[in-house]
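Taking it in order: structure first as structure tokens, then the write-up.
Residue numbers (my numbering): 550 to 979.
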């Protein structure tokens, strides 16, 4: 095997599985409230509107520290910053299990819920865009969509595993007088703390520091990335203002805002939607909840690999989003039919996440290092505000109408806008 393929394989094997585990835990700790909410609504008296607001308020905290966190990864240390993030969010995620207990008795139930979700967002801010920037320190532009697809499968993978896992914990674990939904937070929060400590010792910030690479491997990847950086610098200054002045950065921010609104509105309320399906057992409900993400995992890997093979990014972003909007619309239209709703939710899951690898290749492939770090933070922070609006609006509509149909139509419209805007992205095909 030549030095190029040997180096790429070794870096992929060393970093991607580990980062995938971290992202899995991140997505698990931010979304397990969607399952825990089923019992929280009964024990704490929360409405769908309260659950939706609490689920979404995470992203307001996330928004505030997103850009600073991303720049810290670029200019300081990914290893130290990601380790800090994980320990912090693990502690807060675990504390979610104490809502309504004497430890927080000075605050009302809703304020406890909202406050911890907001602080959880602050704690996790910078993780995802930080990893996107970190991957650009190790992989060439031509390899990044496939690499990011391997990392981003943490989103559907987390749901595939966490939904049945959280439901099992919630229905089976009632130790020490704590209800099952509390143990969902206890047992799923602690692993993040442990992995945060492991991260401190495992990750390497830059290729030139990698003692696990041979000398020729380290020299090859360092020279390749240096050549890319020099080419981008020659096209424009390495300045943060480059990101602010770039229309594509704002277009990507708008696309991600609408896409994330649809994605999290669907993710947070899917367990509640399925829970209301008549004549279905817990096992069948679990399978229905998991199936969209199994399909989404495969579609994401295929779309990312195909995007790299063809060196095409725009249509690998736009087409999945447009198909997802159609699937969401049909899911809303046939919401009263368990069979048809399940079919279209599966199609939705297959298309809704497939755009991500190609989408996240745009900023790191077209901007210089500092500009890309800033741009990724900006895009992710603005986009993740959709994580507030999606659950918030769907929860409010459900509380007012008594049905999820209007909420699904709202989400379909948001995803459609994201797909249409994606058609205007600059073509990156070589």
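Ideal placement from N, C-alpha and C gives every residue a C-beta, glycine not left out.
Within the same chain, Cβ atoms closer than 6 Å to the Cβ of residue 826 are found at 887, the five residues on either side in sequence being excluded.
Residue 633: member of the alpha helix (DSSP H) spanning 627-644, first to last residue. Between the alpha carbons of residue 583 and residue 576 lies a distance of about 12 Å.
Non-local beta-carbon contacts of residue 871 in its own chain, meaning distances under 6 Å to residues more than five positions away in sequence, involve 968 in chain order. In the three-state reduction of the DSSP assignment, residue 683 falls in the helix class, which pools H, G and I. Of all alpha-carbon atoms in 746, 953, 671, the one lying nearest the alpha-carbon of residue 638 is that of 671. When only Cα atoms are considered, residue 568 and residue 699 end up about 10 Å apart. Using a C-beta cut-off of 8 Å, the segment 900-913 makes contact with the segment 845-858, since at least three inter-stretch Cβ pairs fall below that distance. Linking residue 621 to residue 922 through their CA atoms gives a straight-line distance of about 9 Å. A Cβ-Cβ distance of about 35 Å is found for the pair residue 973 and residue 821, leaving them out of contact under the 8 Å criterion. Scanning 766, 809, 807 for the CA closest to the CA of residue 556 turns up 766. Here residue 933 is buried, its C-beta having at least 16 other C-beta atoms within 10 Å. Here residue 641 is not near residue 661, since their CB atoms are 7 Å or more apart. When the alpha-carbon of residue 706 is set against those of 960, 718, 845, the nearest one is in 845. CA-to-CA, the gap between residue 628 and residue 658 works out to about 36 Å. When the beta-carbon positions are compared, residue 559 and residue 797 stay at least 7 Å from each other. Excluding five sequence positions before and after residue 687, the CB atoms of its chain that fall closer than 6 Å to its own CB belong to 560, given in chain order. For residue 678, the closest alpha carbon among the candidates 715, 930, 970, 950 is that of 930.
Pairwise C-beta distances place the segment 740-751 out of contact with the segment 609-619, as fewer than three of them are shorter than 8 Å. Remark: C-beta atoms of residue 668 and residue 926 do not approach each other more closely than 7 Å. Contact between the segment 862-882 and the segment 890-901 is present: 3 or more CB-CB pairs across the two stretches fall below 8 Å.
Of 634, 841, 858, the smallest CA-CA separation from residue 894 is found for 841.
The Cβ-Cβ distance between residue 884 and residue 954 falls below 7 Å. At least 7 Å separates the beta-carbon of residue 589 from that of residue 732. In this structure, the straight-line span from the alpha carbon of residue 878 to that of residue 601 is close to 21 Å. Counting every other CB atom within 10 Å of its CB across the protein chains shown gives residue 594 a total below 16, marking it as exposed. For residue 944, the secondary structure class from DSSP, reduced to helix, strand or coil, is helix.
Going by DSSP, residue 824 is part of the alpha helix (DSSP H) stretching over 796-824. Following the DSSP letters along the chain, one finds residue 887 inside the alpha helix (DSSP H) bounded by residues 887-901. The C-alpha of residue 680 lies about 12 Å from the C-alpha of residue 673.
For residue 716, the enclosing alpha helix (DSSP H) covers residues 703-721. No Cβ-Cβ contact shorter than 7 Å links residue 876 with residue 889. Just measuring C-alpha positions, the residue of 614, 910, 623, 834 sitting nearest residue 862 is 910. Only exposed fits residue 790, as fewer than 16 other CB atoms lie within 10 angstroms of its CB. Distance from residue 734 to residue 645 at the Cβ level is roughly 4 Å; contact confirmed, criterion being Cβ atoms closer than 8 Å. In its chain, beyond the 5 residues on either side, 829, 834, 837, 838 have a beta carbon closer than 8 Å to the beta carbon of residue 823.
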